[in-house]
Every structure is written in C-alpha cells, then in structure tokens.
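So the protein lines, in turn, are chains G and U.
The first sequence: position 45 = 45 (UniProt numbering), numbered continuously.
The second sequence: position 213 = 213 (UniProt numbering), numbered continuously.
We put the CB at the ideal spot given by N, CA and C, even for glycine.
2 protein chains.
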Amino acid sequence: MKPNVLIIGAGGVAQVTAHKCAQWAAEFGALHMASRTRAKADAIAEGIRAKGLEAVITTHALDAMDSAAVAELIRATEAGIVINVGSAFINMTVLQGCIDTGAAYIDTAIHEDPGKVCETPPWYANYEWQRREACEAAGVTAILGAGFDPGVVNAYARLAEDEYFDKIDSIDIVDINAGSHGRWFATNFDPEINFREFTGAVYSWQGGEWRENEMFEVGREWDLPVVGKQTAYLSGHDEVHSLSARYKDADVRFWMGFGPHYINVFTVLKNLGLLSEQPVTTAEGQQVVPLKLVKAVLPDPASLAPDYTGKTCIGDLVKGTRDGKPGEVFIYNVADHKDAYNEVGSQGISYTAGVPPVAAAILIARGPWAVKRMANVEDLPARPFLELLGEMGLPTRVIDAEGDRAI
Amino acid sequence: MKPNVLIIGAGGVAQVTAHKCAQWAAEFGALHMASRTRAKADAIAEGIRAKGLEAVITTHALDAMDSAAVAELIRATEAGIVINVGSAFINMTVLQGCIDTGAAYIDTAIHEDPGKVCETPPWYANYEWQRREACEAAGVTAILGAGFDPGVVNAYARLAEDEYFDKIDSIDIVDINAGSHGRWFATNFDPEINFREFTGAVYSWQGGEWRENEMFEVGREWDLPVVGKQTAYLSGHDEVHSLSARYKDADVRFWMGFGPHYINVFTVLKNLGLLSEQPVTTAEGQQVVPLKLVKAVLPDPASLAPDYTGKTCIGDLVKGTRDGKPGEVFIYNVADHKDAYNEVGSQGISYTAGVPPVAAAILIARGPWAVKRMANVEDLPARPFLELLGEMGLPTRVIDAEGDRAI
Numbered sequence: 001m002k003p004n005v006l007i008i009g010a011g012g013v014a015q016v017t018a019h020k021c022a023q024w025a026a027e028f029g030a031l032h033m034a035s036r037t038r039a040k041a042d043a044i045a046e047g048i049r050a051k052g053l054e055a056v057i058t059t060h061a062l063d064a065m066d067s068a069a070v071a072e073l074i075r076a077t078e079a080g081i082v083i084n085v086g087s088a089f090i091n092m093t094v095l096q097g098c099i100d101t102g103a104a105y106i107d108t109a110i111h112e113d114p115g116k117v118c119e120t121p122p123w124y125a126n127y128e129w130q131r132r133e134a135c136e137a138a139g140v141t142a143i144l145g146a147g148f149d150p151g152v153v154n155a156y157a158r159l160a161e162d163e164y165f166d167k168i169d170s171i172d173i174v175d176i177n178a179g180s181h182g183r184w185f186a187t188n189f190d191p192e193i194n195f196r197e198f199t200g201a202v203y204s205w206q207g208g209e210w211r212e213n214e215m216f217e218v219g220r221e222w223d224l225p226v227v228g229k230q231t232a233y234l235s236g237h238d239e240v241h242s243l244s245a246r247y248k249d250a251d252v253r254f255w256m257g258f259g260p261h262y263i264n265v266f267t268v269l270k271n272l273g274l275l276s277e278q279p280v281t282t283a284e285g286q287q288v289v290p291l292k293l294v295k296a297v298l299p300d301p302a303s304l305a306p307d308y309t310g311k312t313c314i315g316d317l318v319k320g321t322r323d324g325k326p327g328e329v330f331i332y333n334v335a336d337h338k339d340a341y342n343e344v345g346s347q348g349i350s351y352t353a354g355v356p357p358v359a360a361a362i363l364i365a366r367g368p369w370a371v372k373r374m375a376n377v378e379d380l381p382a383r384p385f386l387e388l389l390g391e392m393g394l395p396t397r398v399i400d401a402e403g404d405r406a407i
Numbered sequence: 001m002k003p004n005v006l007i008i009g010a011g012g013v014a015q016v017t018a019h020k021c022a023q024w025a026a027e028f029g030a031l032h033m034a035s036r037t038r039a040k041a042d043a044i045a046e047g048i049r050a051k052g053l054e055a056v057i058t059t060h061a062l063d064a065m066d067s068a069a070v071a072e073l074i075r076a077t078e079a080g081i082v083i084n085v086g087s088a089f090i091n092m093t094v095l096q097g098c099i100d101t102g103a104a105y106i107d108t109a110i111h112e113d114p115g116k117v118c119e120t121p122p123w124y125a126n127y128e129w130q131r132r133e134a135c136e137a138a139g140v141t142a143i144l145g146a147g148f149d150p151g152v153v154n155a156y157a158r159l160a161e162d163e164y165f166d167k168i169d170s171i172d173i174v175d176i177n178a179g180s181h182g183r184w185f186a187t188n189f190d191p192e193i194n195f196r197e198f199t200g201a202v203y204s205w206q207g208g209e210w211r212e213n214e215m216f217e218v219g220r221e222w223d224l225p226v227v228g229k230q231t232a233y234l235s236g237h238d239e240v241h242s243l244s245a246r247y248k249d250a251d252v253r254f255w256m257g258f259g260p261h262y263i264n265v266f267t268v269l270k271n272l273g274l275l276s277e278q279p280v281t282t283a284e285g286q287q288v289v290p291l292k293l294v295k296a297v298l299p300d301p302a303s304l305a306p307d308y309t310g311k312t313c314i315g316d317l318v319k320g321t322r323d324g325k326p327g328e329v330f331i332y333n334v335a336d337h338k339d340a341y342n343e344v345g346s347q348g349i350s351y352t353a354g355v356p357p358v359a360a361a362i363l364i365a366r367g368p369w370a371v372k373r374m375a376n377v378e379d380l381p382a383r384p385f386l387e388l389l390g391e392m393g394l395p396t397r398v399i400d401a402e403g404d405r406a407i
C-alpha cells in the first residue's frame, strides 16, 4: 500500500513540496498538509486545484511545537511519511512525533533553538543525532537535511565519492543566486532563519578541525556555469556539520554569494543589534526580539515569486585522487526563477529546497531510502536520488576534465 | 521675589539645563525637576551636588502627558517658570498646565503627535499657536523653541533684522556637528525624535511659498569657521515654520550636516520600514512600533558624552539689503564637546540645546522676556539673549565684510 504523506508547514518551500507531491501523487496514498495557520495551507491546496492537478490535499491546523499533537495528527491521517518543511524550530517535536508513531521523517534544514544562534559544531550533534538510537530502536526512517543545500549538495559529495575519487581532499559547496526580485531588499526565505545563519561564527572543517571565521571575512570570486563570475563568502551552513563526519580527512567549506547591497544592509542591521534573537526592552517597557520585528517589516519571501527573474547555480567543487592521480569535478544544478513560478507559483530558491524532500519521500515509498534509521543524505545512495530529481525538474550536471555534461 | 523653576525631563538636554540653573541659582527661587522616572532626575541632581554646586534640586515623578498632574505639580512647587526639556510629545499638556496655573512656559522643540510625522506646514499652527489666545487671556509667557536650533538661530535672524539689514532676502540656517563619538552609529539626541525629523517631506520656505523636497535630495558644501568644509542637506526643522511667518518675503532654509555613514544607516532603516512610527504585527502577533525598537537598540545619547571630541558650528547665513546695498552676514556659535562634558557632564549637542532655555528663564525672571503672551524667539529682543548666552558659555560671533568677530 502506498504511504499517506503529511506535509508540515505552509510557507514558500511547503508550497513547492505540496505541488510536487500532487504532481507525483501516483507514488503516494492520501496527501495531507498542516500549518499553525490552516488558512495558509488551504490557500496552497486551492492553488494546486487551480493548476488542474487532480490530487486532493486535506488541510489541518497544527501546533508543531507540541509532539503529542504531531503524533495525534500522524495517527489520524495514517501518514507513513512526514515531510517537515515548517520553521527550523519544530524539527525535534515533529521527529519525536514520528518516533512515537513509526512514520518516516524528512526535513530540509537543521533544528534551531529560538534563543540560541550558531551553537557548538557539529550542529547536528546538539539535537537530531541525539535521536539516532531512538530511530534505530523504533525502526523509523529519518532523513535529515533533504533540501537543496543541505540535501542535494550532500548527494553531490556522495556521487563524487562513489563515481569519481578513491579519496576526497576537499568539498567546496558554492551557492549563487544570480536572480533579481526587484525589491529594495528582501531575503529569499524566512528572514529570521536567513539572518540567523550569518550572525554567529562561520564554522568550516579544514585540516581535520573546526575553524572559525567571521561572516564576510573570507570572500572568493568563482566563475560558474550560466551565472558567470560571482563573489561568494565562507559561510556557516548545515551540511558542513554532517559532511565533516563522513569526510573527516577532507576540507569541507560552504560559500554563499552576496552582493554589496545585501552585505551593507546586513552589516547595518547586525551592528545596530537589530538581528539579535535576544529580547530588548523599549522605553515604554515592551519586550521585543529585534529579529522578529525585522522579519515583520521585510517582504514575505513568497511574495517575491511573480517578479523574480534570473537563475541560481548551486554545486560542489570536489577535489580528490583516483588511482593516485589528482583531479577535480564540479557537480551542479542551474535553476530558473521564472520557470519555477510558472510551474508551481514559487521562486527558484523555494523550488530548489522544496522538490528534493519529495524525491526523498518517493525513494522511501519505493524502498531504496526506507533505511529504518536516521541518515543524512550523504549516507544514502546518491544516483537514484539525483536521477529522480532530474525527472522532477532539478537536473544534475558535471564539469570535469572531459567537459560539461549531464550526469 | 525670584521665581521657582520646574524643569520637566531628565535626559541629556535636561541635565545641561539643570546644571545651568544650579550655576545661575541666584537668579531663581527654588529649583525642581520632574521626570516619568524619578530616579533619572535623582541621578542628575546627585551629579550636580558632586560638582560642588550649592543649589538644591528637588525631584518629582510626573506623567507629563497628564496636564492636570502638571498643574498640580506647578502649584505644589509654586513654580513661576516651567522649562520643558522632556520628550516632544508632552508640549501641549505641559503648556496647558502652565495656562491653568499662570506659570511661564519655555520649550526647545516643537510639539509632535506620536502617531504622525511631518504634518502640514507651518507646524506651529497645528498645535502651539492654537493656544496663543489662551496665553494672552491668562497673561502667560510662553516661549517656544528656545533651544539652539530652534532658538538661538531664531535670535540670530532677529539680530540680523535689528542690526544689519533693512530688508532680509534669505536666512540659511546651517547646523554642522564635526564631532566624533567613537561609536559605530549613534544619534546625538533621542533617536526617535532625531529620525522623525527626517522621515517625512523636507519643507522650506522659498519664493513666498512652501516647497517640498525629499531628505538628502538637496545637498550643498559649506565652508564654515573651525569645522571647515562640510556637506549639509536641506532638512525639515522647527524654526523654518516660525521664521517664515515673520520673514514672509525671505527664503528660509535649514541645512543639516551628515556624513555618508549616517546617510547609509538612515537609508537602510528607512527603506526597510524600521523608522516607521506606525505599529507592525510580528508573526507571533505582537504589535511593535519599529522606531521605538530602533531607539531601544541604539546607544543612549547621554552615554556618548565621555568620549565625544570635536566641535559643532551652528549659524545663520543672512542675506539682505541696507540703505539699498546688498550684503550678507554669518552669525554663529562654535561649541566643543569635551568642554561641555568637563563643565556639565554632557556632550556638545545637549549643551547647545540645554543652555538657551535657562537664559530665556533668566530673561523672564529679570523682566525683558516676561511678555505675558506666546512668542517664538525671533519675536523677542535678541541682543540681551545673545549677550547673556555669551556669559553662560555660548558666545556669538559674526562674519561680514569687516571680518570675523564677537558680537
């Protein structure tokens, strides 16, 4: 019997995930979607109907910070797979709901505590990995970080391991958004999560140990397919914290592209204390978390989609040796904001993050990724995932000594 | 009998005002100070005792938005003069308290409604001037805008009228702070009031009508005494809204100096909506006025004083004709941040704003400014005010065809 799917969240990424589940509905049983604000889920389900897709999505209101409520909804919907594309603060309660009910769990970003930023590396050890034994004991498949980055880029590293090198020396993940949303300033996903990524120390894994830098301290110009020459900065990111465990002897770094305007706005907000996750008290005695106000004044990332143009390029430059000979390969995807909007009503950043967890769900439903334990994406076979993503709209290409081609 | 004085407010300007009242205590009866937070007034009174000044300042807690409470405190303290150096939101209630009790009223900035920014010009007509008849009827002396700008610069214009020209063609008020506070960013007075000055239209009086520009739209380089070449921008400011009534046939403009760093920070905050006086709702449902949070994260202006170095130059370039011959005069003051701190524990911006209302109070106590009606500073004799200010630490100089000299 095909598993019922419960999608948790109703933001820009969830909208893509829901569309893709509906497009690939033949792989699943019933489709459900739950959000704190049920009306947001209703709007997505209505949008999918308006696209002429036949799949029915049943919506629910859910406080996903309450693991008992999550478990109750899993039981009520008889969900076999839960795709968590809600806020980064709900991972642990949703995961617990899955462990308690036996449903498979998929997320696209690491758990965060609202009151903390940038904890001790490796970040996964602070939360998710502490549930490894519980997943194993319950026979629960839990796939962590199955978005694009983290997610697809982890699979790119695994593909390099499987098909290109005997030994990997370095993995540099580069994320360039060369698109334009036409607003004075906006973040491409939840501003709160976006800024939290860059307000703490930048951790990278180099020479077998954690290195710390400041944000925007280390920049490098990259020359990438389609998007051309772009400056990207060493940044903290989830996948560094799992890839460094599998590839202990390699350097693992994440590079995010930023223009001078983003850096200026970020710097002003950060230096004034407006990106703090800690409450401040106004002269009137009101307690306010600055970052939550900044989120409130910025454009809703989902609202950017209609006007978004241009392309993203995200990939892994992997260096290593094969048969004693050094080499390098760049494994990457290029996505187009306008194509994403035309297909599912979302911009490209949401598209690249929201499609991969559906591919992961299909691979659980079909069997190859139904591993009945907790796994990061690089722990699982990469080729079936990447080939399925090619069919689903996110094709993978490689550049090596033999040129630029599809995998 | 010498009048008792009640100072309302306990910020950086109020601290200067209190020090100067204590230094010139022989001109007054008993000294009182009231603030929403009485502890702030206590700290100022204690600082004055620590300077070895003999004058005793009695402190009170007061909600100055409640005119009945203001009147009650005026009666209890038997205050003959109220110096309002609190927030710009309390002018009308404090003024009403004075009208109801007969006490003289002095303020240093125009009334503002917390929910509105940059109302229809002339601004004084929206609030204070609507109480002209009430003051006249009650025989109450109410001196509006008796800080530095507005205040001393209005007296400079009047001095030009009295002593330099038969006819005035233009008044350009230029305010340059060439000091350095050593912080990444800070405003020199209450951030809320500071930013509110620049978020609306820039009104100037030119060619006999109100002109509107945007902030930072019109900039001009000035070459001023001591501070040298500085760029200042056409800005909205209180004094334009009273001087334009007395000098209908002259152009009246206000120019404020800004460096590129201030402009950048201001532009980021404004474009993101963080300088709005209108509440926004966070994802958690909390209502927050962005400007009040920005105020909360910025340094307290009073805290800048110990490290502040450099000088301010504020003056009026007045052009006109005398005996049919055109001419121009620049009437100005230079103040030093460190000197201000050494004398009264405040930075120069607070010093230049906080001393003039004490001079106004002395002129009321002595008689020449006890006019028993509402007046802006340019409506009153300028020379006694400016000469007294020279004795009190704010000397006036002039530059004309005959050179640069004290008045």
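Inset, instruction - Could you tell me whether the Cβ atoms of residue 110(G) and residue 73(G) are closer together than 9 Å? - result: no
Legend entry - Contacting positions in the stretch 368 to 382 of chain G - beta carbon closer than 8 Å to chain U: none
Inset, instruction - Pull up the CB-CB distance for residue 346(G) and residue 16(G), whole angstroms please, since I reckon it's below 8 Å. - result: 5 Å
Inset, instruction - Identify whether residue 392(U) lies in helix, strand or coil by the three-state DSSP scheme. - result: helix
Legend entry - According to DSSP, residues forming a beta bridge with residue 212(U): 203(U)
Legend entry - Secondary structure of residue 326(G), DSSP reduced to three states: strand
Legend entry - Beta-carbon contacts of residue 364(U) that lie in its chain and below 7 Å, excluding the five residues immediately before and after: 81, 104, 141 and 370
Inset, instruction - Express the C-alpha separation of residue 382(U) and residue 368(U) in angstroms, rounding to a whole number. - result: 11 Å
Inset, instruction - Answer yes or no: do residue 254(U) and residue 237(U) have a C-beta to C-beta separation smaller than 9 Å? - result: yes
Inset, instruction - Can you say whether residue 20(U) is buried or exposed, counting buried as having 16 or more other CB atoms within 10 angstroms of its CB? - result: buried
Legend entry - For residue 242(U) and residue 303(U), the rounded distance between their alpha carbons: 32 Å
Inset, instruction - Indicate whether residue 55(U) and residue 23(U) have their beta-carbon atoms separated by less than 9 Å. - result: yes
Legend entry - Where residue 177(G) meets chain U, residues with beta-carbon distance less than 7 Å: Within 7 Å Cβ-Cβ: nothing; residue 177(G) doesn't reach chain U, min ~20 Å.
Legend entry - Per-residue burial, residue 374(G) [other beta carbons within 10 Å of its own, 16 or more giving buried]: buried
Inset, instruction - Would you give the residue range spanned by the beta strand (DSSP E) that residue 170(U) belongs to? - result: 167 to 177
Legend entry - Straight-line Cα distance separating residue 360(U) from residue 484(U): Beyond the ends of chain U as shown, which are 1 and 407, falls residue 484(U); an answer cannot be given.
Legend entry - 9 Å Cβ cutoff, residue 89(G) in contact with chain U: no
Legend entry - Closer than 8 Å at the beta carbon, the chain U residues around residue 80(G): By Cβ distance, chain U contributes nothing, its closest Cβ being about 31 Å from residue 80(G), past 8 Å.
Inset, instruction - Can you pull the chain U residues whose beta carbon is under 8 Å from the beta carbon of residue 296(G), in chain order? - result: 280, 281, 282, 283 and 288
Inset, instruction - Could you check the C-alpha separation between residue 247(U) and residue 318(U) for me, to the nearest Å? - result: 12 Å
Legend entry - Where residue 185(U) meets chain G, residues with beta-carbon distance less than 9 Å: 268, 271 and 272
Inset, instruction - Give a yes or no on whether 9 Å exceeds the smallest Cβ distance from residue 264(U) to chain G. - result: yes
Legend entry - Those runs of the alpha helix (DSSP H) which lie wholly inside the UniProt domain "Saccharopine dehydrogenase NADP binding" (5 to 143) of chain G and span at least 4 residues: 12 to 23, 38 to 50, 67 to 77, 91 to 101 and 132 to 138
Legend entry - Whole-angstrom distance between residue 33(G) and residue 391(G), CA atom to CA atom: 24 Å
Legend entry - Nearest residue (CA-CA) to residue 157(G), options 377(G), 388(G) and 234(G): 377(G)
Inset, instruction - In the DSSP assignment, find the beta strand (DSSP E) that holds residue 183(G) and state where it starts and stops. - result: Unbroken run through residue 183(G): none, as it is neither H nor E.
Legend entry - Inside the stretch 233 to 278 of chain U only - beta strand (DSSP E) runs reaching at least 3 residues: 251 to 257
Inset, instruction - Output the boundary residues of the alpha helix (DSSP H) element that contains residue 348(U). - result: 348 to 354
Inset, instruction - Closer than 8 Å by beta-carbon distance: list the chain G residues that pair up with residue 293(U), in chain order. - result: 274, 280, 282, 288, 290 and 293
Inset, instruction - Confirm, please, whether the CB-CB distance from residue 357(G) to residue 108(G) is below 9 Å. - result: yes
Legend entry - Own chain residues within Cβ distance below 6 Å of residue 231(G), not counting five before or after: 219 and 221
Legend entry - Coarse secondary structure for residue 331(U), derived from DSSP in three states: strand
Legend entry - Backbone CA spacing between residue 256(G) and residue 149(G) [nearest angstrom]: 11 Å
Legend entry - Strand pairing of residue 224(G), partner residues [DSSP]: 228(G)
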